[in-house]
Every structure is written in C-alpha cells, then in structure tokens.
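Working notes, structure below.
Number of protein chains: 2
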Amino acid sequence: MQFLSRCSGRSSLLALALTLAGCAVSPTDSPADRSYEVAEVGSFHVGGRQVTLAGLPSREIVFTEGAAPRKVDPNGDFETGQMYAQFVRLKNPRARYPLLMWHGGGLAGTTWETKPDGAPGWQQFFLTQGHTVYVTDAVERGRASWSRYPEVYKTEPFFRTKQEGWELFRIGGAGSYDSDPAKRIAYPGTQFPVAAYDQFSKQGIPRWATNDAATQTAYDALVQKVCPCVIVVHSQGGNFAINAALHAPDKIKAIIAVEGSGAPDPDKVDISALKNIPFLFVWGDFIDQNTSWKQYIVAPNKFQKALRAQGGVADRLDLPQHGIKGNSHMLMMDRNSDQVAALVQAWMDKNGLMK
Amino acid sequence: MQFLSRCSGRSSLLALALTLAGCAVSPTDSPADRSYEVAEVGSFHVGGRQVTLAGLPSREIVFTEGAAPRKVDPNGDFETGQMYAQFVRLKNPRARYPLLMWHGGGLAGTTWETKPDGAPGWQQFFLTQGHTVYVTDAVERGRASWSRYPEVYKTEPFFRTKQEGWELFRIGGAGSYDSDPAKRIAYPGTQFPVAAYDQFSKQGIPRWATNDAATQTAYDALVQKVCPCVIVVHSQGGNFAINAALHAPDKIKAIIAVEGSGAPDPDKVDISALKNIPFLFVWGDFIDQNTSWKQYIVAPNKFQKALRAQGGVADRLDLPQHGIKGNSHMLMMDRNSDQVAALVQAWMDKNGLMK
Numbered sequence: 001m002q003f004l005s006r007c008s009g010r011s012s013l014l015a016l017a018l019t020l021a022g023c024a025v026s027p028t029d030s031p032a033d034r035s036y037e038v039a040e041v042g043s044f045h046v047g048g049r050q051v052t053l054a055g056l057p058s059r060e061i062v063f064t065e066g067a068a069p070r071k072v073d074p075n076g077d078f079e080t081g082q083m084y085a086q087f088v089r090l091k092n093p094r095a096r097y098p099l100l101m102w103h104g105g106g107l108a109g110t111t112w113e114t115k116p117d118g119a120p121g122w123q124q125f126f127l128t129q130g131h132t133v134y135v136t137d138a139v140e141r142g143r144a145s146w147s148r149y150p151e152v153y154k155t156e157p158f159f160r161t162k163q164e165g166w167e168l169f170r171i172g173g174a175g176s177y178d179s180d181p182a183k184r185i186a187y188p189g190t191q192f193p194v195a196a197y198d199q200f201s202k203q204g205i206p207r208w209a210t211n212d213a214a215t216q217t218a219y220d221a222l223v224q225k226v227c228p229c230v231i232v233v234h235s236q237g238g239n240f241a242i243n244a245a246l247h248a249p250d251k252i253k254a255i256i257a258v259e260g261s262g263a264p265d266p267d268k269v270d271i272s273a274l275k276n277i278p279f280l281f282v283w284g285d286f287i288d289q290n291t292s293w294k295q296y297i298v299a300p301n302k303f304q305k306a307l308r309a310q311g312g313v314a315d316r317l318d319l320p321q322h323g324i325k326g327n328s329h330m331l332m333m334d335r336n337s338d339q340v341a342a343l344v345q346a347w348m349d350k351n352g353l354m355k
Numbered sequence: 356m357q358f359l360s361r362c363s364g365r366s367s368l369l370a371l372a373l374t375l376a377g378c379a380v381s382p383t384d385s386p387a388d389r390s391y392e393v394a395e396v397g398s399f400h401v402g403g404r405q406v407t408l409a410g411l412p413s414r415e416i417v418f419t420e421g422a423a424p425r426k427v428d429p430n431g432d433f434e435t436g437q438m439y440a441q442f443v444r445l446k447n448p449r450a451r452y453p454l455l456m457w458h459g460g461g462l463a464g465t466t467w468e469t470k471p472d473g474a475p476g477w478q479q480f481f482l483t484q485g486h487t488v489y490v491t492d493a494v495e496r497g498r499a500s501w502s503r504y505p506e507v508y509k510t511e512p513f514f515r516t517k518q519e520g521w522e523l524f525r526i527g528g529a530g531s532y533d534s535d536p537a538k539r540i541a542y543p544g545t546q547f548p549v550a551a552y553d554q555f556s557k558q559g560i561p562r563w564a565t566n567d568a569a570t571q572t573a574y575d576a577l578v579q580k581v582c583p584c585v586i587v588v589h590s591q592g593g594n595f596a597i598n599a600a601l602h603a604p605d606k607i608k609a610i611i612a613v614e615g616s617g618a619p620d621p622d623k624v625d626i627s628a629l630k631n632i633p634f635l636f637v638w639g640d641f642i643d644q645n646t647s648w649k650q651y652i653v654a655p656n657k658f659q660k661a662l663r664a665q666g667g668v669a670d671r672l673d674l675p676q677h678g679i680k681g682n683s684h685m686l687m688m689d690r691n692s693d694q695v696a697a698l699v700q701a702w703m704d705k706n707g708l709m710k
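Heads up: the sequence lines are chains A and B, in that order.
Residue 224 in my numbering sits at position 224 of the first sequence, with consecutive numbering throughout.
Residue 419 in my numbering sits at position 64 of the second sequence, with consecutive numbering throughout.
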C-alpha cells in the first residue's frame with residue numbers, strides 16, 4: 001500500500017505516521033466540534049416491484065388503544081424488493097462525488113451513524129470532511145422494510161445472537177461471551193467500546209439468506225440514480241459493491257471495502273472493467289484468531305491480488321501491520337474510528353477524489 | 356382556533372390568510388432553497404432489554420455469495436423493545452426546544468422525510484425553520500428492528516395492502532383502488548401525489564398489534580433522554596404522545612397531533628396534568644366520507660373538548676374549514692404540505708416555542 005496524507009508528499013509509512021500524529025485531522029478537526037452547511041436532508045426508496053397475495057384468511061385487530069377494532073384482509077398488493085437511502089446533501093461539498101455508505105449483514109445504515117458509545121461515527125466524520133453522504137438500508141433491512149414469508153420471501157429470517165456478534169465481529173474469542181456484561185472477556189487491547197456492546201446489539205436487524213439477487217438489483221438501481229459516487233462498504237456489502245461496480249464501472253469512482261467478507265472469484269468473473277476504479281481494502285485485528293475470518297478473508301485477498309495484476313489501484317490497509325492494534329470487525333465503531341477514518345480520507349485525497 | 360402568524364398581531368382568520376399568502380413562509384423560504392448549519396447528524400437506540408431464547412434447532416446458512424457456509428444456532432441473547440431516534444442538531448436553532456417527529460401505524464420515520472414525489476417533507480421544512488429535529492422509528496419499525504415471533508412477540512405481524520392504505524389514508528373512497536395505477540380513482544381534488552402512491556407504499560413497515568406497552572415504554576425513555584421538547588405526531592402515534600405527556604408533563608412543551616387516531620378517555624384518565632401543554636389538532640379532508648375515520652375521530656375530539664374544559668390550549672386546524680381542501684391522512688406528503696407546515700409553524704410562533 002502507498003499512503004500519502006494531504007499535507008505531505010512523502011512516502012507511505014512516514015505519511016501514515018504524520019496522519020496518525022494529527023496531520024490530516026487535527027484536534028480541532030474532531031467531528032464533534034465541526035459544523036457544516038446542509039442544503040437538504042432527505043431520503044427515498046429505490047427498486048422494488050408489486051407483488052400480489054391471495055387466499056390468506058382475514059383477521060380482526062385493534063390497532064390503537066381506544067380505537068375501534070378493524071377487520072383486516074391480508075390479501076392484496078404490496079411493494080417488495082425496494083431499498084432505502086438517506087442523504088445529507090452539503091451546500092458546498094469538498095468531495096468530487098457523493099459518498100455512499102453500505103452496511104453489512106444483519107445490520108442497517110445505523111452502522112455508520114453515532115457509535116454505540118455515543119461518539120460520532122463515520123457518517124458525521126465524512127460530513128465534516130466535506131462529503132455529501134448517502135447512508136442506505138439494503139433490501140429487507142431497517143427502513144427498507146421486509147416482506148411476508150414464506151409467501152414472498154422464500155425462507156425464514158435469521159436473528160443474530162449477542163454471542164455470535166461478539167465472536168464474529170471479533171470483540172472476543174470463542175466462548176468469551178457471557179449473558180452478564182460484567183463477565184464478558186474481550187480480546188486484550190480491543191478498540192471496541194465493550195461497555196456499549198448491548199447498546200450495539202440493539203442495531204441488529206433480522207436477515208434472510210435468500211434475498212441476495214433482489215438486494216443486488218436494488219443496489220444497482222441506487223447506483224444508476226445517484227452516481228457517479230464513491231462507495232465505502234462493510235462486510236457482507238463488499239460483494240454487492242464489487243458487483244455494482246462490475247455492472248456500472250463508469251459510475252463508481254472508488255471503493256473502500258471495510259472488512260468485505262466476500263468477493264467474486266476472478267478465475268470465473270472477468271474483472272478487467274474494474275481496473276480504473278481505485279480500491280482500498282481495510283482490515284482490523286485478530287483475524288488470524290477467528291476460524292470464520294480466516295475463511296472469509298480468502299476470497300477478498302484473491303480478488304485484490306487479481307485486481308492489482310490488472311494494473312489497477314488495489315491498496316490495502318492492514319491496521320495491525322501499521323501499528324494500529326485492537327480493531328474489531330466493527331472498526332467504524334471502535335474507539336479509534338476517527339483515526340482509521342482519517343487514513344481513509346487521506347487515501348481519498350491521494351486518489352484525486354476531493355476538489 | 357386562534358391563529359397568529361409571526362408577522363401579524365391580528366386575529367385568527369386574517370392571520371391565517373396572511374400565512375397562506377406567504378407571510379410566514381415566502382417563496383424564497385422554500386425548504387428546497389434554504390440551507391442550514393448543522394452541528395451533528397446522529398442517532399441512537401433507546402429502551403429495550405435482554406431476552407434469551409433456548410431450545411430452537413440449528414441451521415446451516417451461506418450468508419454471502421462466495422463465503423463459506425456457517426452453522427447457525429438461533430438460541431441465545433437478543434435485545435428487544437428498543438426504538439430508534441435520528442437527530443439533525445442545528446448549530447444555532449431558532450426553536451427553544453428540539454422537535455420530535457413521531458410516525459403512525461405501519462410506517463416509520465420516513466413519514467417525515469422526503470415526500471414520495473421527491474419534494475422536501477416536513478423534516479426538511481422544520482429544519483429550515485430553525486428546529487433541531489429528532490425523527491424516530493418506534494419499537495418493531497424500521498431501524499428500531501423487530502424480534503422473533505411467537506417466541507418474543509406474541510402474535511404475527513400485519514402487512515398493510517396497497518388497497519387498505521389507499522382507502523384508510525383517504526386518498527380514494529371504498530373500492531376506488533386498482534392494482535393498475537392507471538385505473539385508481541382518487542377523491543376529486545385530492546392533494547396526495549397520486550402518481551407516487553406506489554412509491555409511498557415502499558415506506559410501509561409490518562406491524563404488530565401487541566407491542567403497544569413496549570412502544571410506550573420506549574417513547575417514555577426517549578422523552579427522558581432528549582426533552583424538554585415539542586412533539587409533532589401522526590395517526591397511531593397520537594396516543595403514545597399523549598400518554599408520554601401524561602407520564603412526563605413537565606418535559607413536553609407542546610403537542611401537534613396530525614390526524615391522531617386515538618386518545619385516552621378523559622372520563623377514565625385524569626388529564627389535568629396536560630393543561631399547561633398547548634395542543635394543536637390538525638385534520639385533513641374527506642373524514643366524513645370514510646367509515647373508519649368517522650369512528651377514529653370520536654376519541655380525539657372528546658379528548659380535545661375535555662382538554663379545553665381544563666383551561667388549556669387545545670386548538671384545532673380543520674383544514675377544509677379554512678378553505679384548504681383535498682388533504683389526505685398523509686398530509687405531510689400532500690402537494691400542499693409546505694402550506695400546512697407553515698400553519699403549524701405559525702402556531703408554534705404564537706405559542707412562544709421559538710426564540
């Protein structure tokens with residue numbers, strides 16, 4: 001990886017050190033202290049189609065205390081397959097393109113908002129850096145809404161347990177979770193705000209394993225609607241972002257894959273269309289201590305290597321290799337999230353994504 | 356109802372006419388044209404508790420294309436009962452208190468955001484008027500997330516059909532909905548952007564009829580966290596807002612009930628604690644043409660009358676009686692939503708809610 005901060009033309013590690021020392025983000029640059037002029041906060045749904053149900057029995061329901069009961073016929077037309085996008089449009093953005101923030105599995109756009117410990121997250125960080133920001137909820141998640149199963153969605157949803165999140169998001173090792181917060185044992189030196197883990201768990205959203213095609217279709221429609229753009233994508237979203245770029249390579253000006261958990265196989269998919277899109281792959285700590293992540297990282301690593309072989313920009317920010325220890329899978333919520341965001345911002349500066 | 360615009364000390368109907376003529380909101384005040392200085396965009400979950408499931412069978416699932424399959428044990432700890440709040444905090448608000456925007460049944464906070472026709476909604480309107488705004492998703496809706504049933508929630512959810520929304524939200528009369536958008540027959544003179552009805556339907560969120568107590572508890576926790584405040588509340592939310600005020604009368608500085616569909620019975624509940632809280636009840640058109648609404652309006656009307664008998668401010672804005680015709684139940688999405696919002700803003704001005 002080559003890294004240049006905005007205020008230094010020097011090479012990789014020195015620039016990194018300068019950035020960490022506060023060059024790109026000074027203490028007065030804290031996202032909690034900066035304001036910005038907003039032209040509009042808004043949202044929309046994109047994608048989706050009408051589906052019709054028939055033959056289901058009626059029910060009578062009192063919906064509001066004090067209101068009269070109402071007979072409800074569940075049969076009829078519904079929308080399904082849409083996703084939700086919320087934007088904060090700056091009056092005078094410094095970034096050349098809007099920044100799209102795509103969440104990972106079992107979560108929604110809240111990933112990027114205020115952190116579970118109450119400190120500003122990456123949405124606020126990148127707003128203060130001059131990006132118009134779109135935070136989305138993928139199909140079936142959050143404000144995108146979800147559809148009846150098994151009539152529309154073909155399978156049952158899955159609800160992630162706190163234990164699974166604790167381990168899969170690499171906050172602690174196998175068996176270190178306990179129902180009692182006081183008895184949970186995190187990795188030594190974790191950057192995750194452990195006392196806020198239950199608060200984080202409130203962000204969890206049920207998910208289906210059978211909606212990937214609809215999700216991709218909606219993301220592709222989003223790209224057609226709001227891009228050219230830069231995408232910062234987390235975990236499960238990585239695959240969707242890479243496929244979106246394959247479907248519309250001229251619309252995507254950069255992809256920052258934060259712990260992307262999947263990627264197309266370059267032996268099976270022609271990825272040459274991506275060679276003009278700069279990629280940054282960001283990885284946290286403890287990956288080699290987690291059975292799942294040792295598997296998940298294989299495909300993205302192969303993809304990154306193939307991308308670089310095409311002559312494209314396929315940079316890598318392995319945080320522990322740069323002396324930044326203790327980051328979980330949810331590194332945008334970790335205590336040092338501003339530090340990591342500043343490195344991403346410096347990479348965007350270097351790659352000509354700012355005015 | 357007594358109405359005074361900001362720029363007039365004259366009496367009710369004349370002031371209303373001045374407001375409609377653009378006194379409080381001039382053409383250059385359009386929410387699409389104004390910007391505002393934001394200190395922070397952020398969010399949080401409030402309320403909720405841990406629940407533990409046991410004895411459910413395991414499943415093996417491939418969550419991301421290209422990723423390895425993973426065995427999933429659905430048993431364990433989960434959070435349930437939380438709600439979601441997103442804030443846009445102005446650097447220099449003109450309003451004395453933050454404005455909390457609470458949605459109605461089968462919907463989420465999107466109610467207040469960009470309208471289905473793409474024009475700015477009430478969130479943007481009140482931001483441009485100088486309010487720090489909190490838009491929430493109640494328990495089980497949108498980004499609040501929802502819980503497994505029947506293990507945690509005791510009943511099945513209900514999915515609103517497009518036909519039910521069309522009729523219940525008074526866009527058209529009974530039997531006027533058709534699966535084919537071209538064949539739907541709206542009320543003559545409707546202000547709802549009929550061509551955007553399918554787009555609006557994408558905002559629909561499944562709901563349960565058995566979570567009112569948890570929802571109220573979460574709203575009460577929200578009030579403790581962010582108030583003193585003013586609440587603008589729609590439809591099903593009306594009941595929650597009134598109960599929240601009964602539970603914390605000193606925290607609520609005003610309630611604007613937009614087509615609130617329920618209210619406590621003043622013959623059964625002591626509402627004297629509310630007499631210092633100004634209320635505005637806003638009603639759209641076509642109520643006397645709709646069987647459900649002729650029932651729903653009874654309880655709020657009785658409540659309003661009792662409130663006024665206590666000596667409190669219990670104003671009423673029956674739009675058709677003021678010459679504003681054609682508004683649906685979703686009046687914050689209607690074409691004349693800015694006009695109605697300006698009347699609400701004028702009422703807030705009059706009631707000393709602005710600096």
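The C-beta atom is built at its ideal place from N, Cα and C for all residues, glycine as well.
| query | Counting along the chain, where does the alpha helix (DSSP H) carrying B:D575 start and finish? | reply | Numbered from its first residue, the second sequence carries residue 575 of chain B at position 220. 567-581 is the extent of the alpha helix (DSSP H) around B:D575.
| Which residue spans inside the stretch 271-333 of chain A form an unbroken beta strand (DSSP E) run of at least 3? | 279-283, 314-318
| query | In three-state terms, what does DSSP make of A:H247? | reply | Reading the first sequence from its first residue, position 247 is the one you call residue 247 of chain A. Helix.
| task | Taking B:I416 as the query, report the chain A residues whose CB atoms sit under 7 Å from its CB, ordered along the chain. | result | Counted from its first residue, the second sequence places residue 416 of chain B at position 61. Simply F158, A209.
| message | Between B:G310 and chain A, is the shortest Cβ-Cβ distance under 8 Å, so that the two count as touching? | response | Outside the displayed range of chain B (356 to 710) lies residue 310 of chain B, so it cannot be described from this structure.
| task | Count the other C-beta atoms from every protein chain shown that fall within 10 angstroms of the C-beta of A:S179, then say buried if there are 16 or more, exposed otherwise. | result | Taking the first sequence and counting its residues from 1, the one referred to as residue 179 of chain A is at position 179. Exposed, by the Cβ-count rule.
| Can you tell me where the alpha helix (DSSP H) with B:Y552 in it begins and where it stops? | Indexing the second sequence from 1 puts residue 552 of chain B at position 197. It spans 552-556 - the alpha helix (DSSP H) in which B:Y552 sits, taken as one unbroken run.
| chain B within 8 Å of A:L246, Cβ atoms only | Position 246 of the first sequence, counted from the start, is the residue given in the question as residue 246 of chain A. A:L246 does not count as touching chain B.
| To which residues of the same chain is A:L331 closer than 8 Å at the C-beta, ignoring the five residues directly before and after it? | Counting from 1 along the first sequence, the entry for residue 331 of chain A is found at position 331. Q191, V258, E259, V282, G284, L319, S337, V340.
| request: Locate the beta strand (DSSP E) running through A:S43, then write down its first and last residues. | output: Here residue 43 of chain A refers to the residue found at position 43 when the first sequence is read from its first residue. Its beta strand (DSSP E) spans residues 36-53.
| 7 Å Cβ cut-off: residues of chain A touching B:Y391 | If you number the second sequence from 1, residue 391 of chain B lands on position 36. Neighbours of B:Y391 on chain A, chain order: V38.
| A:V25 to B:V699 span [Cα, whole Å] | Taking the first residue of the first sequence as position 1, residue 25 of chain A is located at position 25. Taking the first residue of the second sequence as position 1, residue 699 of chain B is located at position 344. Note on A:V25: pLDDT 44, under 50, position unreliable in the model; the coordinate value appears next. Cα to Cα, the separation comes out at about 42 Å.
| query | Can you list the residues of chain B that A:P120 reaches, using a CB-CB cut of under 8 Å? | reply | Working through the first sequence from its first residue, we reach residue 120 of chain A at position 120. Chain B residues near A:P120: E395, G397.
| request: Find the residues of chain D that neighbour A:P206, judging by a C-beta separation of less than 9 Å, and give them in chain order. | output: Structure shown: chain D not included; protein chains present are A and B.
| field | Inter-stretch contact at 8 Å, needing at least 3 Cβ pairs: the stretch 422-432 of chain B / the stretch 217-226 of chain A | value | no
| Going along the chain, which residues of its own chain have a beta-carbon closer than 8 Å to the beta-carbon of A:D265, five neighbours each way excluded? | For the purposes of this step, residue 265 of chain A is taken as residue 265 along the first sequence, with counting starting at 1. Around A:D265: A299, K302, F303.
| request: Closer than 6 Å by C-beta to A:P206: which residues in its own chain qualify, once you throw out the five before and the five after it? Chain order, please. | output: As a position in the first sequence, residue 206 of chain A is number 206, starting the count at 1. So the qualifying residues of the chain are P157, F159.
| query | What number of angstroms, rounded off, separates the C-alpha of A:A248 from the C-alpha of A:W347? | reply | Walking along the first sequence from the start, residue 248 of chain A turns up at place 248. Walking along the first sequence from the start, residue 347 of chain A turns up at place 347. Spanning the two alpha carbons is a distance of roughly 23 Å.
| query | The alpha helix (DSSP H) spanning B:K705 covers which residue range? | reply | Locating residue 705 of chain B in the second sequence gives position 350, where the first residue counts as 1. Segment 692-705, the alpha helix (DSSP H) holding B:K705.
| query | What is the DSSP secondary structure of A:L168, counted as helix, strand or coil? | reply | The residue you call residue 168 of chain A lines up with position 168 of the first sequence. A:L168 falls in the helix class under three-state DSSP.
| task | Starting from the C-beta of A:W122, find all residues in its chain whose C-beta is less than 6 Å away, skip the five residues before and the five after it, and write them out in chain order. | result | Locating residue 122 of chain A in the first sequence gives position 122, counting from the first residue. Once the five neighbours on either side are set aside, the close Cβ partners of A:W122 are W112, M332, A341.
| Own chain, CB closer than 7 Å to A:W140, minus 5 neighbours either side, in chain order | As a working mapping, residue 140 of chain A is identified with position 140 in the first sequence. In the sequence on display, residue 140 of chain A carries Glu and not Trp. The answer, listed in chain order, is W146, R207, W208, N211.
| query | If you draw a straight line from the C-alpha of B:S627 to the C-alpha of B:A661, how long is it? | reply | Along the second sequence, one-based indexing puts residue 627 of chain B at 272. Along the second sequence, one-based indexing puts residue 661 of chain B at 306. So the two alpha carbons sit approximately 9 Å from each other.
| request: Output yes or no for whether 8 Å exceeds the beta carbon distance between A:G81 and A:A214. | output: Along the first sequence, one-based indexing puts residue 81 of chain A at 81. Along the first sequence, one-based indexing puts residue 214 of chain A at 214. Closer than 8 Å, so yes.
| message | For a quick check, are the C-beta atoms of B:S683 and B:I540 less than 8 Å apart? | response | For the purposes of this step, residue 683 of chain B is identified with residue 328 of the second sequence, where counting begins at 1. For the purposes of this step, residue 540 of chain B is identified with residue 185 of the second sequence, where counting begins at 1. Result no, Cβ atoms of B:S683 and B:I540 do not sit closer than 8 Å.
| query | Mind pulling the chain A residues with CB within less than 9 Å of B:F433? | reply | Within the second sequence, numbered from 1, the residue matching residue 433 of chain B stands at position 78. Per Cβ cutoff of 9 Å: F159, R160, T161, K162, S201, G204.
| said: the ligand PLP and B:R449: does the residue's C-beta get closer than 7 Å to at least one heavy atom of that ligand? | reply: You won't find the ligand PLP in this model; it holds no ligand whatsoever.
| request: Mind listing the chain A neighbours of B:P429? Cutoff is C-beta to C-beta under 8 Å, in chain order. | output: On the second sequence, position 74 is the one that residue 429 of chain B refers to. In chain order: F158, F159, T161.
| query | Using CA coordinates, which residue listed in A:V41, A:W293, A:A174, A:I231 is at the minimum distance from B:L445? | reply | Stepping through the second sequence from its first residue, residue 445 of chain B is reached at position 90. B:L445 has its Cα closest to that of A:V41, out of A:V41, A:W293, A:A174, A:I231.
| Supposed close pair A:E275, A:G311 - CB separation, criterion 8 Å | Along the first sequence, read from residue 1 onward, the residue named residue 275 of chain A stands at position 275. Along the first sequence, read from residue 1 onward, the residue named residue 311 of chain A stands at position 311. The residue asked about is misnamed: residue 275 of chain A is Lys in this sequence, not Glu. Correct: roughly 6 Å between the Cβ atoms.
| query | In chain B, which residues lie less than 8 Å from A:K91 when you measure between Cβ atoms? | reply | Residue 91 of chain A sits at position 91 when you count from the first residue of the first sequence. Here the neighbours are S390.
| message | I want to see whether chain A comes within less than 8 Å of B:S534, judged by CB atoms only; does it? | response | In the second sequence, residue 534 of chain B corresponds to position 179, counting from 1. Answer yes: the Cβ-Cβ gap between B:S534 and chain A drops below 8 Å somewhere.
| Could you give the C-beta distance for A:P31 and A:Q124, rounded to a whole number, given that I count them as a contact under 8 Å? | The residue labelled residue 31 of chain A in the question sits at position 31 within the first sequence. The residue labelled residue 124 of chain A in the question sits at position 124 within the first sequence. With 8 Å as the limit, A:P31 and A:Q124 qualify as a contact, their Cβ atoms being about 5 Å apart.
| Using the beta-carbon of each residue, which ones in chain A are nearer than 9 Å to B:R539? | Here residue 539 of chain B refers to the residue found at position 184 when the second sequence is read from its first residue. Simply none; closest approach about 11 Å.
| Is it buried or exposed for B:P471, if we count other Cβ within 10 angstroms and need 16 for buried? | Working through the second sequence from its first residue, we reach residue 471 of chain B at position 116. Classification for B:P471: buried.
| said: Is A:Q304 close to chain B? Criterion is C-beta to C-beta, closer than 8 Å. | reply: In the first sequence, residue 304 of chain A corresponds to position 304, counting from 1. By this cut-off, A:Q304 is not an interface position.
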